[in-house]
Amino acid sequence: MINETVNNKKTSNERLKKIFSAFNSSLQGLFGIFILFLIWYLACKLTSVGELLADPITVLKLLGSWFLEPIGRMTLPGHILISMRRVFTAYIILSVVGIFIGIIIGYSKLGRALLNPLYEMVRPVPGVAWIPVTIMLFGIGEDAKVFLIILGCISGVILQASRGVRLVDRQLVGAARVLGASEGQVFWKVILPSCVPSIFVGLNGALASSWSCVLAAEMISAFEGVGWIITAGASRGNTAQILAGMIPIGVMGVILTSLITWAEKKLCRWTERSE
Amino acid sequence: MKKKQIGQSILSPVLTKEEKRKYFIISCLSIVAFLLFWWSITDVFHVYKPSQLRSPIDVITALIEKTYTKAPDNATLFEHIGESLRIVGLGFLVGTVAGIPLGIAMAWNKTVDRIVGPVFNVLRYIPPIAWIPIMIVILGIGRSSKVAVIFFAAFFCNVLNSYTGIKQTKDVHIWMARTFGATRGQLLWTVAVPSAMPFIMTGIKAALGGAWGSVVAAELLASNKGLGYMIQNARTLGRPDLVLAGIICIAMINFIINGVFEAVEKLLVKGVRTR
Numbered sequence: 004m005i006n007e008t009v010n011n012k013k014t015s016n017e018r019l020k021k022i023f024s025a026f027n028s029s030l031q032g033l034f035g036i037f038i039l040f041l042i043w044y045l046a047c048k049l050t051s052v053g054e055l056l057a058d059p060i061t062v063l064k065l066l067g068s069w070f071l072e073p074i075g076r077m078t079l080p081g082h083i084l085i086s087m088r089r090v091f092t093a094y095i096i097l098s099v100v101g102i103f104i105g106i107i108i109g110y111s112k113l114g115r116a117l118l119n120p121l122y123e124m125v126r127p128v129p130g131v132a133w134i135p136v137t138i139m140l141f142g143i144g145e146d147a148k149v150f151l152i153i154l155g156c157i158s159g160v161i162l163q164a165s166r167g168v169r170l171v172d173r174q175l176v177g178a179a180r181v182l183g184a185s186e187g188q189v190f191w192k193v194i195l196p197s198c199v200p201s202i203f204v205g206l207n208g209a210l211a212s213s214w215s216c217v218l219a220a221e222m223i224s225a226f227e228g229v230g231w232i233i234t235a236g237a238s239r240g241n242t243a244q245i246l247a248g249m250i251p252i253g254v255m256g257v258i259l260t261s262l263i264t265w266a267e268k269k270l271c272r273w274t275e276r277s278e
Numbered sequence: 111m112k113k114k115q116i117g118q119s120i121l122s123p124v125l126t127k128e129e130k131r132k133y134f135i136i137s138c139l140s141i142v143a144f145l146l147f148w149w150s151i152t153d154v155f156h157v158y159k160p161s162q163l164r165s166p167i168d169v170i171t172a173l174i175e176k177t178y179t180k181a182p183d184n185a186t187l188f189e190h191i192g193e194s195l196r197i198v199g200l201g202f203l204v205g206t207v208a209g210i211p212l213g214i215a216m217a218w219n220k221t222v223d224r225i226v227g228p229v230f231n232v233l234r235y236i237p238p239i240a241w242i243p244i245m246i247v248i249l250g251i252g253r254s255s256k257v258a259v260i261f262f263a264a265f266f267c268n269v270l271n272s273y274t275g276i277k278q279t280k281d282v283h284i285w286m287a288r289t290f291g292a293t294r295g296q297l298l299w300t301v302a303v304p305s306a307m308p309f310i311m312t313g314i315k316a317a318l319g320g321a322w323g324s325v326v327a328a329e330l331l332a333s334n335k336g337l338g339y340m341i342q343n344a345r346t347l348g349r350p351d352l353v354l355a356g357i358i359c360i361a362m363i364n365f366i367i368n369g370v371f372e373a374v375e376k377l378l379v380k381g382v383r384t385r
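Protein sequence lines, in the order shown, are assigned to chains Z and U. For the first sequence, the numbering used here gives the first residue as 4, with consecutive numbering after it. For the second sequence, the numbering used here gives the first residue as 111, with consecutive numbering after it.
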């Protein structure tokens, strides 16, 4: 998994190649979308699927109209922003708290003895299972959704952060000590940097699960957000609305994934996980 | 003095017998403290109304009672568990059996990758939960719509991981096998697939976790049986004890599934450490 060749000198030729491959992959993505819509369109027109599903043209028209006319309480960008605000508020809190708890569990024996049993109790619960509990305790407001995402998605971050600390190369720690590093220096200069890749594994997973957690929360109790759009469509039996709602969900999924991959590349250049 | 003791955990992970006993007692105390806190905010100080949160004693009572009473949702606990497990088992099985070969084929054969890859890469960004409404409209609120959602959850996860697994086969191993005159089929079955095994197993494990989370979500949304339905129904009736009892069951089953899987994994992937 560790990158074998690190070549910092990029010749212009390589850069061109990189741009070309990025262009190529985005072209392939567009091609994939096109093929998908074509299959969908033909299936609707030629077979009885059309009676069950709306065809892609209707769906795209509906999606376009949401930018101008409100769906439910607001227009589509409004729904997306609301969902994003929920995800990011919760994500920032859960990353900070999760990394903190994870490092305590990994670093200190006492912390591990104290926190690990509680953590192990929460860990096997799937995030969405907390929905009824958060609704009962906090109602259906914003706080409830943010709390739900934190509770449901924090465990992966804690797990990876604590694993990162425990898997620190002991020779590095020993070497730093022999060279006279203080306990604080060992922690900040050796242990913390070497858990960054592991922490990112956790953060990566947590982002994906927060996204699906917020969708579930919005599907069950909300009056706005992209999750609401698709359940509202389902309750009316309006397949065009459901399918049009799934498009922004997919697009946001792509954007979130590329954001975290980008951040990971910036912050841990020295390791490259295989995708 | 204390600081030094904490720092040593990195260098000496092996605990002495005495330390083990000490930390075990601390762990127990931590759980007891948590339960006492829970009990005090419910039964003693009544911070929350009984319709919001009940004491741990009530939760255990509800859990035991539910094993033989059908109220309030027309099924005993074991019937709910059976329903959820049946859906997960079916969806997971089909998703895995279809997903792993497709992932391998995509990684091994360029033509398959070119045809399926783009479509797959568009669809995989839609979280399994977002498939629920459309499946409900197409297939109704019966068992089949949930099986379809679980299928998606397991399928995408397995394709991705087996694809990655085959792609990371070491070139040296392939060259070596070629030099000794291996056919393309032999290359796949004796070199690529065995070396991808850890990845495939990781995929199956993640798929199991995802499937279990998705079934809860699907049952929360639209169902008339299953653990997710049980907790959702208990919420609408204002029975927090039953909600938490259901969550305990969900967590325990997840824990057991994981444990069984890890045992199987150890048997199958000997000598290879997974990520």
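Every residue gets a Cβ at the ideal spot worked out from N, C-alpha and C, and that includes glycine. None of these values were measured; they are calculated from a predicted model.
- Nearest in C-alpha terms to lysine 220(U), of all of Lys130(U), Lys277(U), Asp281(U), is Lys277(U).
- When Cβ pairs closer than 8 Å are counted between the two stretches, the segment 215-235 of chain Z is seen not to touch the segment 52-60 of chain Z, the count staying below three.
- The CB of phenylalanine 365(U) comes closer than 8 Å to the CB of Pro127 in chain Z, given here in chain order.
- Residue-level contact check: threonine 137(Z) does not touch chain U, since none of the beta carbons of chain U fall below 8 Å from its beta carbon.
- At a cut-off of 8 Å, the C-beta of serine 215(Z) has a neighbouring C-beta in chain U.
- In the structure shown, isoleucine 38(Z) falls within a helical segment according to DSSP collapsed to helix, strand and coil.
- For tryptophan 43(Z), the CB contacts under 6 Å within the same chain, skipping 5 residues up- and downstream, are Pro59 in chain order.
- The segment 329-336 of chain U and the segment 189-201 of chain U touch, with no fewer than 3 CB-CB distances between them shorter than 8 Å.
- Under the DSSP assignment, glycine 319(U) falls in the alpha helix (DSSP H) whose first and last residues are 303-331.
- Every alpha helix (DSSP H) of 4 residues or more that sits fully in the segment 116-173 of chain U is shown, in chain order, as 127-149.
- The DSSP-derived three-state label of isoleucine 74(Z) is strand.
- Across the structure, asparagine 119(Z) and lysine 335(U) are spaced so that their CA atoms are roughly 34 Å apart.
- A Cβ of chain U is located within less than 8 Å of the beta carbon of threonine 260(Z).
- Isoleucine 174(U) is classed as exposed because its beta carbon has fewer than 16 other beta carbons within 10 Å across all chains shown.
- Taking 8 Å as the threshold, the shortest C-beta distance from asparagine 231(U) to chain Z falls below it.
- Not a single C-beta of chain Z is nearer than 8 Å to the C-beta of tryptophan 299(U).
- Cβ-Cβ distances below 8 Å link leucine 71(Z) to Thr78 in the same chain, with the five nearest sequence neighbours on each side left out; the list follows chain order.
- Taking every protein chain shown into account, the CB of alanine 25(Z) has fewer than 16 other CB atoms within 10 angstroms, so this residue is exposed.
- The three-state reading of DSSP puts isoleucine 107(Z) in helix, counting H, G and I together.
- Here DSSP, grouped into helix, strand and coil, assigns serine 185(Z) to coil.
- One alpha carbon belongs to valine 169(U), the other to isoleucine 245(Z), and they sit about 38 Å apart.
- The alpha helix (DSSP H) runs lying completely inside the segment 124-162 of chain Z and spanning 4 residues or more are 134-141, given in chain order.
- Here alanine 264(U) is not near threonine 312(U), since their CB atoms are 8 Å or more apart.
- DSSP, reduced to helix, strand and coil, places arginine 166(Z) within a helical segment of the structure shown.
- In this structure, the straight-line span from the alpha carbon of serine 161(U) to that of proline 135(Z) is close to 12 Å.
- Among the CB atoms of chain Z, one or more fall inside 8 Å of the CB of alanine 361(U).
- Cα atoms of valine 168(Z) and serine 98(Z): separation of roughly 16 Å, rounded to the nearest angstrom.
- The Cβ-Cβ distance between tyrosine 122(Z) and isoleucine 108(Z) falls below 8 Å.
- Non-local C-beta neighbours of arginine 234(U) in its own chain, meaning closer than 6 Å and more than five positions away in sequence, comprise Phe266, ordered along the chain.
- For tyrosine 339(U), the closest Cβ of chain Z is not nearer than 8 Å.
- By the 16-neighbour rule on beta-carbons within 10 angstroms, glutamine 174(Z) is exposed.
- Residue contact with chain U for proline 120(Z): present (Cβ-Cβ distance below 8 Å to some residue of chain U).
- For glycine 130(Z), the nearest beta carbon of chain U is closer than 8 Å to its own beta carbon.
- Of all residues in the segment 226-247 of chain Z, only Gly230, Ile233, Thr234, Gly236, Ala237, Gly240, Thr242, Ile245, Leu246 place a beta-carbon less than 8 Å from a beta-carbon of chain U.
- Taking 8 Å as the cut-off, the beta carbon of leucine 218(Z) is found no closer than this to the beta carbon of alanine 321(U).
- Of the candidates Ser333(U), Val374(U), Gly369(U), Ser333(U) places its Cα closest to the Cα of valine 257(U).
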